[in-house]
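Residue numbers (UniProt numbering): 1 to 250. Just so it is clear, CB atoms sit at the ideal spot from N, CA and C, and this is done for glycine as well.
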């Protein structure tokens, strides 16, 4: 009788353990299913770029506010989307000198090297057109200093030609850009700063900066004309003197 009672107790204990094991297994399975469901829900909520969002990003890059740009990015707008001219939102913001918008786009990871149909990139354009604040922000975004514009020039050459002193100084002091790069016209930044300028105080300052940072005063153009010869031909006495001081010859 005692043996039968003991066996009954053992059988009940076994049933209780099996029941608890089944419950735990079921609870664990439910948790996994819940996590799986949660993942699906999260994936569905991920933002996706649409043509409408992308078009709005391009529009807002020209006239929008930082808040509107950030909202479009959060909603999934594609930072690489382009307009009919191949210009990205960052290039448009740079062209418009929209500093706040450019800042938001840069912080979101917009590409400073993406070129349009005219081979302008945000970095090249900022350098060439005197967008100093935007250019400064771009230096931390891995610009390609060897990227060339449609004239075969770096960002430094048009900056020097157009009299953008701050840009020239920034590029020379903060980047490894080639000061003696020759473009398709056969001109360096030094040659363009002489040939295509009025020879005034701004250009004199730029030429001084170029010479101080290693510009070759004797590098001739494709026709064999030196910077000193050009300076004398144009009557730029002060510039001619500077070139001679750095070893320039005709």
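**OP:** May I ask whether a heavy atom of the ligand HEM can be found less than 7 Å away from the beta carbon of residue 63?
**Re:** The model depicted lacks the ligand HEM and carries no ligand whatsoever.
Subject >> Beta-carbon contacts of residue 202 that lie in its chain and below 7 Å, excluding the five residues immediately before and after >> reply: 163 and 165
Subject >> Bridge partners - residue 88, DSSP secondary structure assignment >> reply: 82
**OP:** Quick one: residues in its chain with C-beta nearer than 7 Å to the C-beta of residue 109, no 5 flanking neighbours on either side, listed in chain order?
**Re:** 79
Original post:
Does the beta-carbon distance from residue 226 to residue 249 come in below 8 Å?
Top reply: yes
Subject >> Classification of residue 118 by the beta-carbon crowding that lies within 10 angstroms, buried from 16 upward >> reply: exposed
Subject >> Beta-carbon proximity of residue 126 to residue 98, cut-off 8 Å >> reply: no
**OP:** Could you check the C-alpha separation between residue 178 and residue 233 for me, to the nearest Å?
**Re:** 27 Å
Subject >> Presumed contact (8 Å Cβ cut-off) between residue 76 and residue 53, rounded CB distance >> reply: 6 Å
Subject >> 6 Å CB neighbourhood of residue 229 in its chain, flanking five on each side removed >> reply: 250
Original post:
Roughly how many angstroms separate the alpha carbons of residue 169 and residue 210, rounded to a whole number?
Top reply: 9 Å
**OP:** Can you tell me which of the three DSSP states residue 223 falls into?
**Re:** coil
Original post:
Looking only at its own chain, which residues have a Cβ that is under 6 Å from the Cβ of residue 236, when we skip the five neighbours before and after it?
Top reply: 199
Subject >> From 150, 224, 213 and 175, residue whose alpha carbon lies closest to that of residue 186 >> reply: 224
**OP:** Ignore the nearest five residues each way along the sequence and tell me which others in residue 132's own chain have a CB closer than 6 Å to its CB.
**Re:** 166 and 167
**OP:** Taking 8 Å as the cut-off, decide whether the C-beta atoms of residue 94 and residue 69 are in contact.
**Re:** no
Original post:
Going by alpha carbons, who is nearest to residue 215 out of 174, 205, 121 and 246?
Top reply: 246
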